[in-house]
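Residue numbers (the working numbering): 55 to 306. Each remark here refers to the structure printed beneath this line.
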Amino acid sequence: MARRNKIYEGKAKILYEGPEPGTIVQYFKDDATAFNAEKKDVIDGKGVLNNRLSEYFMTGLNQVGVPTHFIRRLNMREQLVRACEIIPLEVIVRNFAAGSLSKRLGVEEGTQLPRPIVEYCYKDDALGDPLVTEEHIAAFGWASQQDMDDVLSLALRVNDFLSGVMYGVGIRVVDFKIEVGRVYDGDFQRLIVADEISPDSCRLWDIETGRKLDKDVFRRDLGSLTDAYSEVARRLGVLPKNAQVTKPTLIN
55 MARRNKIYEG KAKILYEGPE PGTIVQYFKD DATAFNAEKK DVIDGKGVLN
105 NRLSEYFMTG LNQVGVPTHF IRRLNMREQL VRACEIIPLE VIVRNFAAGS
155 LSKRLGVEEG TQLPRPIVEY CYKDDALGDP LVTEEHIAAF GWASQQDMDD
205 VLSLALRVND FLSGVMYGVG IRVVDFKIEV GRVYDGDFQR LIVADEISPD
255 SCRLWDIETG RKLDKDVFRR DLGSLTDAYS EVARRLGVLP KNAQVTKPTL
305 IN
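Dropping the structure here:
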C-alpha cells in the first residue's frame with residue numbers, strides 16, 4: 055500500500071491528500087481533548103462514531119440544499135471530502151445558555167435564549183480561539199461582508215436542520231460550532247459547511263432527563279463518552295440498537 059501524504063494533523067482528525075485532485079481524505083482519531091488540549095485521553099471507538107455521525111448530518115444537509123464538503127464515507131474511520139479554503143473562524147450557534155456563554159454573561163445553564171445567537175471565534179490554538187466580532191473579521195480581512203452574510207445564513211440553516219432532526223429523537227441541540235470553507239467554480243466562489251458535525255462539536259441534551267450526550271461528558275467526567283455518542287447514533291438509526299463499537303486497526 056502506498057504511503058499517503060499527510061496534509062495536516064489536528065486534535066481529532068488527520069487530513070490526507072485525496073485520490074483525485076481537489077479531494078481530501080479525512081481520518082477520525084480516537085483522541086479526546088478539552089480546555090484547549092489541557093485535558094487529553096484516547097477513547098476507543100470515538101473516531102468511528104464521529105465519522106458515522108458526521109456522515110449522517112452532512113448527507114442530510116446536502117439533501118436539503120445546504121452545501122457541505124462531504125462526498126462519501128470510505129470506511130469506518132475515513133471520509134472523502136472536497137478540498138476548500140477554510141475561513142479562519144469557528145462559527146458558534148447557541149439556542150440555550152451553556153459553557154462559556156454562561157460564564158461570560160452569568161446566565162444559568164439551560165436557559166433558553168430569546169433567539170439563536172451566532173458568535174465567532176478566531177481559529178488559533180495558541181491564543182485559545184478568542185471570541186471576535188464582525189468588526190475584527192472585516193478589519194483583518196478574514197472574510198468580506200458578503201462572506202459573513204452567507205456564513206450567518208449557512209449557520210442558521212444548519213441550526214434549523216440539526217434542531218429539527220434531533221428534536222425528533224428526543225435530543226435538544228443546546229449549541230454547536232461549524233467551520234465554513236470557500237470553493238471556486240471558475241471565477242465563482244461559494245461557501246460550504248466543512249470540518250465535521252458530531253457530538254464533539256455540539257452540545258446535545260436529552261429533552262426529558264437533561265442527560266448530556268456530547269463532549270461535556272469528557273470535560274466534566276460524567277461517565278463514558280463512547281456510551282453517550284453511541285446513544286446519539288442509535289437514536290438516529292446510525293447504529294443498530296445492540297451494536298458494539300469496535301476499534302479497527304488501519305494502515306495509513
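Glycine residues also receive a C-beta, built at the ideal position from the N, C-alpha and C atoms.
Contact set for residue i: own chain, Cβ-Cβ below 6 Å, skip 5 residues either direction
i: Thr165; result: Ala151
i: Gly76; result: Ala137
i: Pro302; result: At Pro302 the pLDDT is 45, less than 50, meaning the model places this residue with poor confidence; the figure from the coordinates comes in the next sentence. The answer, listed in chain order, is Met130.
i: Phe111; result: Ile251
i: Lys20; result: What is shown of the chain runs 55 to 306, which leaves residue 20 out entirely.
i: Ile78; result: Leu69, Gly72, Val135 and Ala137
i: Gly182; result: Asn90
Rounded Cβ spacing between residue i and residue j (contact assumed at less than 8 Å)
i: Ala86; j: Phe272; result: 5 Å
i: Asn149; j: Val228; result: 6 Å
i: Asp275; j: Leu267; result: No, Asp275 and Leu267 are not in contact; Cβ-Cβ is about 15 Å, not under 8 Å.
i: Arg127; j: Glu139; result: Between Glu139 and Arg127 the Cβ distance is about 23 Å, and since that is not below 8 Å, they are no contact.
i: Val223; j: Leu290; result: 6 Å
i: Ile232; j: Val212; result: 6 Å
i: Phe82; j: Asn105; result: 4 Å
i: Pro170; j: Val145; result: So it is not a contact: roughly 12 Å between Cβ atoms.
i: Glu189; j: Met202; result: 11 Å between Cβ atoms; not a contact.
i: Val286; j: Pro253; result: 6 Å
i: Gly153; j: Arg265; result: Incorrect: roughly 17 Å between the Cβ atoms, too far for contact.
i: Leu185; j: Cys175; result: 5 Å
i: Gly235; j: His123; result: 6 Å
Cβ shell of residue i (< 7 Å), same chain only, five flanking positions each side left out
i: Leu304; result: At Leu304 the pLDDT is 40, less than 50, meaning the model places this residue with poor confidence; the figure from the coordinates comes in the next sentence. Cβ neighbours of Leu304 beyond the five flanking positions: Arg131.
i: Arg288; result: Lys295
i: Lys100; result: Asp84, Ala86, Leu279, Thr280 and Tyr283
i: Phe215; result: Gly114, Leu115, Val118 and Val120
i: Val237; result: Arg136, Cys138, Arg244 and Ile246
i: Gln80; result: Lys67, Leu69, Glu132, Gln133 and Val135
i: Leu155; result: Arg148 and Val161
i: Ala209; result: Val145, Val147, Val172 and Ile232
i: Lys177; result: Pro142, Leu143, Glu144 and Asp183
Continuous alpha helix (DSSP H) stretch holding residue i: start and end
i: Asn104; result: Lys100 to Gln117
i: Thr280; result: Leu279 to Arg289
i: Asp270; result: Asp270 to Arg273
Boundaries of the beta strand (DSSP E) in which residue i is found, first to last residue
i: Ala152; result: Ala152 -> no beta strand (DSSP E), and no H or E assigned at all.
i: Asp85; result: Asp85 to Ala88
i: Lys67; result: Lys67 to Glu71
i: Ile61; result: Lys60 to Glu63
i: Thr77; result: Thr77 to Phe82
i: Lys94; result: Lys93 to Val96
i: Cys256; result: Cys256 to Asp260
i: Leu134; result: Glu132 to Arg136
i: Ile251; result: First-last for Ile251: undefined, no H or E at that position.
i: Arg127; result: Phe124 to Arg127
Nonlocal neighbours in the same chain, by C-beta distance under 8 Å from residue i, ignoring five residues either side
i: Ala197; result: Ile141, Leu143, Ile191 and Val205
i: Ala91; result: Lys65 and Asp179
i: Phe230; result: Ile146, Val147, Val212, Asn213, Leu216, Ile251, Ser255, Cys256 and Arg257
i: Ile125; result: Thr77, Gln133, Leu134, Val135 and Arg136
i: Ile61; result: Leu69, Tyr70, Glu71 and Ile78
Worksheet entry | Within the region 163-244, ranges of the beta strand (DSSP E) (whole runs, at least 3 residues) | 166-176 and 225-239
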